[in-house]
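Right, one structure below, let's go through it.
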Amino acid sequence: MALALAGCSGPVNNQQGYMPEQPVAFSHAVHAGQYGLDCQYCHVGAEKSRHAGVPSTSVCMNCHTQVKTDSPEIQKVAAAVAENKPLAWVRIHRLPDHAYFNHASHVGAGLDCQTCHGPVQEMVRVEQKEPMTMGWCLDCHRDTAAKQVSAPPPSAPRAGELLALSSGAPAPEPLKAPRILQPPTDCSSCHR
Numbered sequence: 001m002a003l004a005l006a007g008c009s010g011p012v013n014n015q016q017g018y019m020p021e022q023p024v025a026f027s028h029a030v031h032a033g034q035y036g037l038d039c040q041y042c043h044v045g046a047e048k049s050r051h052a053g054v055p056s057t058s059v060c061m062n063c064h065t066q067v068k069t070d071s072p073e074i075q076k077v078a079a080a081v082a083e084n085k086p087l088a089w090v091r092i093h094r095l096p097d098h099a100y101f102n103h104a105s106h107v108g109a110g111l112d113c114q115t116c117h118g119p120v121q122e123m124v125r126v127e128q129k130e131p132m133t134m135g136w137c138l139d140c141h142r143d144t145a146a147k148q149v150s151a152p153p154p155s156a157p158r159a160g161e162l163l164a165l166s167s168g169a170p171a172p173e174p175l176k177a178p179r180i181l182q183p184p185t186d187c188s189s190c191h192r
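Structure, rendered in structure tokens:
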């Protein structure tokens with residue numbers, strides 16, 4: 001084990017500062033910053049899934065069939081669509097296989113993407129800003145619990161709301177008391 005760790009320059013699995021070159025020079029500073037695109041327009045799984053997901057090239061082409069079509073970077077995307085091949089994006093944020101993380105529970109609790117991913121809307125090239133170590137996550141969970149942070153109202157319809165809309169029945173009473181977040185700190189929550 002000591003030999004395996006000897007080549008590491010920092011804590012195991014800490015890729016803080018990692019900023020790989022991508023197959024297409026995509027600027028989050030332009031898309032999320034300048035144009036204000038919501039993160040979930042491209043990362044559609046973040047609200048409903050464990051994984052945020054990487055957008056398909058067709059999402060890019062929703063705009064880029066009309067916008068900046070002569071750009072060499074857009075032409076790479078268009079070529080991938082024409083060939084029906086995905087772009088080989090390089091993953092930046094990676095947790096160890098023994099750690100469980102669910103984007104949906106964090107997004108549903110009202111956590112801004114920037115909390116974990118840094119000021120992505122300012123990044124021309126995405127970089128892992130935070131260490132994403134167990135201690136870093138636990139510090140956030142403990143701090144959130146200590147501050148008695150309340151969760152935003154759920155964005156998904158609650159039981160009975162869709163039925164009420166479709167049948168004309170009265171909608172359920174709105175939530176009266178805020179839901180106080182109680183993020184887990186026990187081992188089995190993240191190590192399954």
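The numbering of the sequence shown is the UniProt record's numbering, which starts it at 1 and goes up by one. The C-beta atom is built at its ideal place from N, Cα and C for all residues, glycine as well.
For this session: Pull up the distance between the alpha-carbon of A78 and that of M61, whole angstroms please.
Result: Walking along the sequence shown from the start, residue 78 turns up at place 78. Walking along the sequence shown from the start, residue 61 turns up at place 61. Their backbone Cα atoms lie some 7 Å apart in a straight line.
Requested in this report: Please list, in chain order, all residues of the same chain as K68 whose beta carbon is under 7 Å from its beta carbon, the five residues on each side excluded.
Outcome: The residue labelled residue 68 in the question sits at position 68 within the sequence shown. Contacts found: I74.
Practice task
Give a yes or no on whether the C-beta atoms belonging to M134 and A29 are separated by under 9 Å.
Solution key: Taking the sequence shown and counting its residues from 1, the one referred to as residue 134 is at position 134. Taking the sequence shown and counting its residues from 1, the one referred to as residue 29 is at position 29. Going by C-beta atoms, M134 is not nearer than 9 Å to A29.
Open item on the list: According to DSSP, simplified to helix, strand and coil, what is A4?
Closed with: For this step, residue 4 is matched to residue 4 along the sequence shown. Residue confidence is low: A4 scores 49 on pLDDT, short of 50, so the model does not pin down where it sits. Its coordinate-derived value is still stated next. Three-state result, A4: helix.
**Prompt:** Residues in its own chain within less than 6 Å of H93 by CB, not counting five upstream and five downstream?
**Reply:** Position 93 of the sequence shown, counted from the start, is the residue given in the question as residue 93. Closer than 6 Å at Cβ, skipping near neighbours: Q128.
| query | For C116 versus A46, is the C-beta spacing smaller than 9 Å? | reply | If you number the sequence shown from 1, residue 116 lands on position 116. If you number the sequence shown from 1, residue 46 lands on position 46. Contact: no.
Item to complete: Flag this pair as yes or no: are the beta carbons of C39 and V90 separated by less than 9 Å?
Response: Within the sequence shown, numbered from 1, the residue matching residue 39 stands at position 39. Within the sequence shown, numbered from 1, the residue matching residue 90 stands at position 90. Not in contact: C39 and V90 (Cβ atoms no closer than 9 Å).
Looking only at DSSP bridge pairs, what is A151 linked to? Within the sequence shown, the letter at position 151 stands for residue 151. Paired residues: R179.
Are there three or more Cβ pairs, one per stretch, closer than 8 Å when the stretch 176-191 is compared with the stretch 142-152? yes
Go ahead and label C187 buried or exposed: buried means 16 or more other beta carbons lie within 10 angstroms of its beta carbon, across all protein chains shown. Here the question's residue 187 lines up with position 187 in the sequence shown. Burial call: exposed.
Exposure label - L165; buried when at least 16 CB within 10 Å: Your numbering for residue 165 matches position 165 in the sequence shown. It is exposed - the Cβ of L165 has fewer than 16 other Cβ atoms within 10 Å.
Under a Cβ-count criterion, where at least 16 other Cβ atoms within 10 Å of its own Cβ denotes burial, should A52 be classed as buried or exposed?
Working through the sequence shown from its first residue, we reach residue 52 at position 52. So A52 counts as buried.
Notebook entry, point to check: Cα separation between H43 and G168?
Noted result: Numbered from 1 along the sequence shown, position 43 holds the residue referred to as residue 43. Numbered from 1 along the sequence shown, position 168 holds the residue referred to as residue 168. Straight-line Cα distance between these residues: approximately 34 Å.
Review point. Cα-Cα, which of G118, T57, P170 is closest to K85?
Key: Looking up residue 85 in the sequence shown gives position 85. It is T57 whose Cα lies nearest to the Cα of K85.
- [ ] Tell me where the alpha helix (DSSP H) around K85 begins and ends.
- [x] Counting from one through the sequence shown, the residue named residue 85 turns up at place 85. Looking at the DSSP string, K85 is not in any alpha helix (DSSP H), and its letter there is neither H nor E.
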